Amino acid sequence: MLRGLNKNVVVVRDTGSDLFEEAIFIVKPQAAASSATLVEEAKKIVEAAAGTPPRKKKWAKK
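Per my numbering, residue 24 is the first one in the sequence shown, and the count goes up by one each step.
Structural data, given as C-alpha cells:
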C-alpha cells in the first residue's frame, strides 16, 4: 500500500485513437505552469505521437 503519495496528473480523454481511450501524464514537481498550459502541452504530445513516425535516413553509399 502506498501512503502519502501526491502526484499532479493531466488526463487527456480525447486521444483521437481507436485503440487508446485516454492518456495520463504525470506532471513534474518543478513544473511551474498553468493548468491550461499543461493541458495544451499534453495535447501536443498526444497529437505528435498519433502522427506517422519519421522516416529513417538512408545513408548514401560512396
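For each residue, glycine too, the CB sits at the ideal point set by N, CA and C. What you are looking at is a predicted structure, and each value in this text was computed from that prediction instead of being measured.
Spatial distance of residue i from residue j (CA atoms)
i   : j   : result
V34 : R26 : 22 Å
I68 : Q53 : 19 Å
L42 : K66 : 17 Å
S40 : A71 : 12 Å
W82 : S58 : 43 Å
Close-in-space but distant-in-sequence residues of the same chain around residue i (CB under 8 Å, 5 per side omitted)
i   : result
V50 : K30, N31, V32, V33 and L61
Three-state secondary structure assigned by DSSP to residue i
i   : result
A56 : coil
V32 : strand
Residues near residue i in its chain [Cβ-Cβ closer than 6 Å; skip 5 each side]
i   : result
I38 : Note that residue 38 is Thr in the sequence shown, not Ile. Here the set comprises A46 and V69.
F48 : V33 and A65
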